[in-house]
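Undergrad: This is the structure I have questions about; it appears just below.
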Amino acid sequence: MAVAAAVVAANVHYAQPMLPVMAAQFGVGVGSMGLLPAVTQIGFILGLMLLVPLGDVLERRRLVVLTVAAVALALAATAFAPNLPVLMVSGFAVGILTIAPQLLVPFAAVLAPAGAAGRASSLVLSGVLLGVLLSKVVAGVVTAAVGWRVLYAGAAVLMVVCAVVLRLRLPVSRTAGARLGYGALLGSLARMLRVGALRIRMLSGALAGAAFMVFWTTYAAHLDAEFGLGPLAAAGVAVAGIAGALASPFGGRAADAGHLRRALLIGAVLMLAAPLLFWWGHASVFVIVVGAVLLDAGTGLSHAANQAAALALDPSSRGRLNSLYVTGYFAGAALGSVAAGVAHGAGGWTAVCLLGIAIAVAALLVAALPPRLRPSSPEKNQHRSTNRK
């Protein structure tokens, strides 16, 4: 499952390193081509909200296989796109259909033995994070060697293989909510948002996503301005992202063991240490790399712990809980990215570091909430969620 999550998650992130090459081929500016990752991300968020909840009412293996097969078609359309409008439409389709990783996360929790759901879901999350990291490396290497169209065509073939393997290896998994209609399914999301425990997990996750993107949105510009380092060096620093994938399983295990608060506090402390290092060691590449490792470890730990705790609130509604939680996480990441751009334009690297510190302090405060304002255990909150429906 983790391997499948990695290769499917990569689909959404291939475009970023290839934008200059694609722009030249279509005869447009890089700014115009920048719409491609934007529409892909918009499609992805819509997929989270509109399709991931179906994991609570449809047979899970079939849904995963169908979405992976469908994204293969979208990738093939991207590979053969004759013009920019077709490319944008196919990119949107890639985004909205790349939901299998977010279906596999709660699926893993369903298949896990009692007391190990968080560990199982966080292992799949590790695959997702590795896929995001490796996608940029693969895209850069393949595009330089044989072109971006070959990359997308190869990704389409890989999705076909992945769909076949998943069909053969995943067990059939029926759902408890199979009688719920689609309209009622989406309507239940609003009722879930009334659950305070879920809102806290979403807020904590959004802060982790924001902290992550504040740095990764601006680090390449800082490396260029401070050290004169180009894309190759930026890619080398990005390898620090593996720290997030390595830290994620510990977050899931902590949630399983009832140590959610401890995991979130450690994650928030790491998120706070990172921008402090970035500020203090702004003239040292080594210090920035160390800070990037701490940041990714902290955000990965927090993300996995929050996600595992959110899924534990109601095992019969894991698809919808994951939809809401991950939407909150990416909303925070998007806001963090925008805020980082504004901060960098207004006050340079110092302003970016101060923004990162403020977000990390907020995450630390949320992690330190007293027991009456946070879930003491998943079991105590399990009945509060969609059982109301």
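Residue numbers (my numbering): 1276 to 1664.
We put the beta carbon where it would ideally sit given N, CA and C, even for glycine.
1) What's the C-alpha gap between residue 1575 and residue 1617?
2) Can the beta-carbon of residue 1323 be found closer than 9 Å to that of residue 1311?
3) Give the straight-line distance between the Cα atoms of residue 1613 and residue 1628, rounded to the nearest whole angstrom.
4) Name the two residues that bound the continuous alpha helix (DSSP H) containing residue 1373.
5) With distance defined between alpha-carbon atoms, name the residue in 1625, 1526, 1623, 1549 nearest to residue 1577.
6) Rounded to whole angstroms, what's the CA-CA distance from residue 1626 to residue 1487? Just pull it up for me.
7) Rounded to whole angstroms, what's the CA-CA distance from residue 1315 to residue 1343? Just pull it up for me.
8) Leaving out five residues before and five after residue 1350 in sequence, what residues of the same chain have Cβ atoms less than 7 Å from its Cβ?
9) Where does residue 1328 sit, in a helix, a strand or coil, going by DSSP?
10) Is residue 1376 near residue 1393, with beta carbons less than 9 Å apart?
11) In terms of alpha-carbon separation, which member of 1348, 1326, 1347 lies closest to residue 1338?
12) Which whole-angstrom value describes the C-beta separation of residue 1642 and residue 1540, a residue pair presumed to lie in contact below a C-beta threshold of 8 Å?
13) Please classify residue 1358: is it buried, with 16 or more other beta-carbons within 10 angstroms of its beta-carbon, or exposed?
14) Once DSSP output is grouped into helix, strand and coil, what is the label at residue 1312?
15) Would you tell me roughly how many angstroms separate the C-alpha atoms of residue 1407 and residue 1512, rounded to the nearest one?
16) Contact between the segment 1455-1473 and the segment 1377-1384: three or more CB pairs below 8 Å?
17) Enumerate, from N- to C-terminal direction, the unbroken alpha helix (DSSP H) stretches of 4 or more residues contained entirely within the segment 1576-1659.
18) State whether the segment 1512-1522 contacts the segment 1558-1572, with contact taken as three or more CB pairs (one from each stretch) at a distance under 8 Å.
19) With DSSP collapsed to three states, give me the class of residue 1497.
20) Under a three-way DSSP split, which group does residue 1276 fall into?
21) For residue 1538 and residue 1303, what's the separation of their Cα atoms in angstroms?
22) Counting only beta-carbon separations shorter than 9 Å, does residue 1396 have a partner in chain C?
23) Buried or exposed: residue 1292, going by 16 or more other Cβ atoms within 10 Å of its Cβ?
24) Leaving out the 5 sequence neighbours to the left and right, which residues in its chain are closer than 7 Å to residue 1423 when beta-carbon positions are compared?
25) Mind reading off the beta-carbon distance from residue 1533 to residue 1483? Whole number of angstroms is fine, and I expect it under 8 Å.
26) Closest to residue 1400 by C-alpha separation, out of 1457, 1491, 1283, 1307, would be which residue?
27) Would you be able to state if there are at least three C-beta pairs under 8 Å between the segment 1596-1616 and the segment 1546-1562?
TA: Per the coordinate set shown:
1) Taking the sequence shown and counting its residues from 1, one reaches residue 1575 at position 300. Taking the sequence shown and counting its residues from 1, one reaches residue 1617 at position 342. Each residue's alpha carbon lies about 25 Å from the other.
2) Within the sequence shown, the letter at position 48 stands for residue 1323. Within the sequence shown, the letter at position 36 stands for residue 1311. Not a contact, by the Cβ cut-off of 9 Å.
3) If you number the sequence shown from 1, residue 1613 lands on position 338. If you number the sequence shown from 1, residue 1628 lands on position 353. Looking at the two C-alpha atoms, the distance is approximately 14 Å.
4) As a working mapping, residue 1373 is identified with position 98 in the sequence shown. That residue, residue 1373, is in no alpha helix (DSSP H); it is neither H nor E in DSSP.
5) As a first step, residue 1577 must be located in the sequence shown, where it is residue number 302. For the residues 1625, 1526, 1623, 1549, the minimum Cα distance to residue 1577 belongs to 1526.
6) Here the question's residue 1626 lines up with position 351 in the sequence shown. Here the question's residue 1487 lines up with position 212 in the sequence shown. Taking the straight line from one Cα to the other gives about 15 Å.
7) As a first step, residue 1315 is located in the sequence shown; it is residue number 40 there, counting from the start. As a first step, residue 1343 is located in the sequence shown; it is residue number 68 there, counting from the start. Near 16 Å, if we compare the C-alpha coordinates of residue 1343 and residue 1315.
8) The sequence position of residue 1350 within the sequence shown is 75, counting from 1. Cβ within range, chain order: 1286, 1369, 1427, 1430, 1431, 1434.
9) Along the sequence shown, read from residue 1 onward, the residue named residue 1328 stands at position 53. Looking at residue 1328 - three-state DSSP - the assignment turns out to be helix.
10) The count along the sequence shown starts at 1 and reaches residue 1376 at position 101. The count along the sequence shown starts at 1 and reaches residue 1393 at position 118. Their beta carbons are not under 9 Å apart, which means residue 1376 does not touch residue 1393 by this criterion.
11) Reading the sequence shown from its first residue, position 63 is the one you call residue 1338. Minimum Cα distance to residue 1338 is reached at 1326.
12) Here residue 1642 corresponds to residue number 367 of the sequence shown, with the count starting at 1. Here residue 1540 corresponds to residue number 265 of the sequence shown, with the count starting at 1. At roughly 5 Å, the Cβ-Cβ gap stays under 8 Å, so residue 1642 and residue 1540 are in contact.
13) Here the question's residue 1358 lines up with position 83 in the sequence shown. Exposed, because fewer than 16 other Cβ atoms sit within 10 Å of the Cβ of residue 1358.
14) Translated into the one-based positions of the sequence shown, residue 1312 becomes position 37. Residue 1312: helix per DSSP, three-state reduction.
15) Position 132 of the sequence shown, counted from the start, is the residue given in the question as residue 1407. Position 237 of the sequence shown, counted from the start, is the residue given in the question as residue 1512. Computed Cα separation, rounded: 14 Å.
16) no
17) 1593-1642, 1653-1656
18) yes
19) The residue given as residue 1497 occupies position 222 in the sequence shown. Residue state, collapsed to three classes: helix.
20) Here the question's residue 1276 lines up with position 1 in the sequence shown. Coil at residue 1276, not helix or strand.
21) As a first step, residue 1538 must be located in the sequence shown, where it is residue number 263. As a first step, residue 1303 must be located in the sequence shown, where it is residue number 28. Cα-Cα distance, rounded: 46 Å.
22) Absent from the structure: chain C. Only one protein chain is present.
23) Position 17 of the sequence shown, counted from the start, is the residue given in the question as residue 1292. Looking at its Cβ environment, which holds 16 or more other Cβ atoms inside 10 Å, residue 1292 is buried.
24) The count along the sequence shown starts at 1 and reaches residue 1423 at position 148. Once the five neighbours on either side are set aside, the close Cβ partners of residue 1423 are 1293, 1296, 1297.
25) Reading the sequence shown from its first residue, position 258 is the one you call residue 1533. Reading the sequence shown from its first residue, position 208 is the one you call residue 1483. Actually they are not in contact, since the Cβ atoms of residue 1533 and residue 1483 sit about 20 Å apart, beyond 8 Å.
26) Here residue 1400 refers to the residue found at position 125 of the sequence shown. That would be 1283, whose Cα lies nearest to the Cα of residue 1400.
27) no
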